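Asks: First residue of the sequence shown: 208, per the working numbering; consecutive thereafter. We put the beta carbon where it would ideally sit given N, CA and C, even for glycine. Here the structure is a predicted model, which is why all the values come from computation and not from measurement. I have a structure here, written as structure tokens, and I will follow up with some questions on it.
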Amino acid sequence: MNALKNARNQAGLTQEELGKQLGLSKSTYCLLEAGKIKMTIERAEAISKVLGVSPMIFFTQNV
208 MNALKNARNQ AGLTQEELGK QLGLSKSTYC LLEAGKIKMT IERAEAISKV LGVSPMIFFT
268 QNV
């Protein structure tokens, strides 16, 4: 999930740091970022609050 990785990198956070802020283990967060765990609206809203981005960026695809 490139949008998630890009937003995390722009915020200057590691996978472990962001996962911790979201209450997720590093391994669970890594699965989410890799697209192995489905992005839900609830997760997108929580992540967007931490990263300061719109939750919609996680549901749009580049064409």
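So what does DSSP say about A251, is it helix, strand or coil?
Replies: For the purposes of this step, residue 251 is taken as residue 44 along the sequence shown, with counting starting at 1. Residue state, collapsed to three classes: helix.
Asks: Is the beta carbon of A210 closer than 8 Å to that of L258?
Replies: The residue given as residue 258 occupies position 51 in the sequence shown. The residue given as residue 210 occupies position 3 in the sequence shown. No, the Cβ-Cβ distance between L258 and A210 is not below 8 Å.
Asks: Just mark I254 as buried or exposed, buried being the case when its beta carbon has 16 or more other beta carbons within 10 Å.
Replies: Locating residue 254 in the sequence shown gives position 47, counting from the first residue. Buried, by the Cβ-count rule.
Asks: Which class does S357 belong to by DSSP, given the choice of helix, strand or coil?
Replies: There is no way to answer for residue 357, as the model of the chain reaches only from 208 to 270.
Asks: In three-state terms, what does DSSP make of G226?
Replies: Numbered from its first residue, the sequence shown carries residue 226 at position 19. G226: helix per DSSP, three-state reduction.
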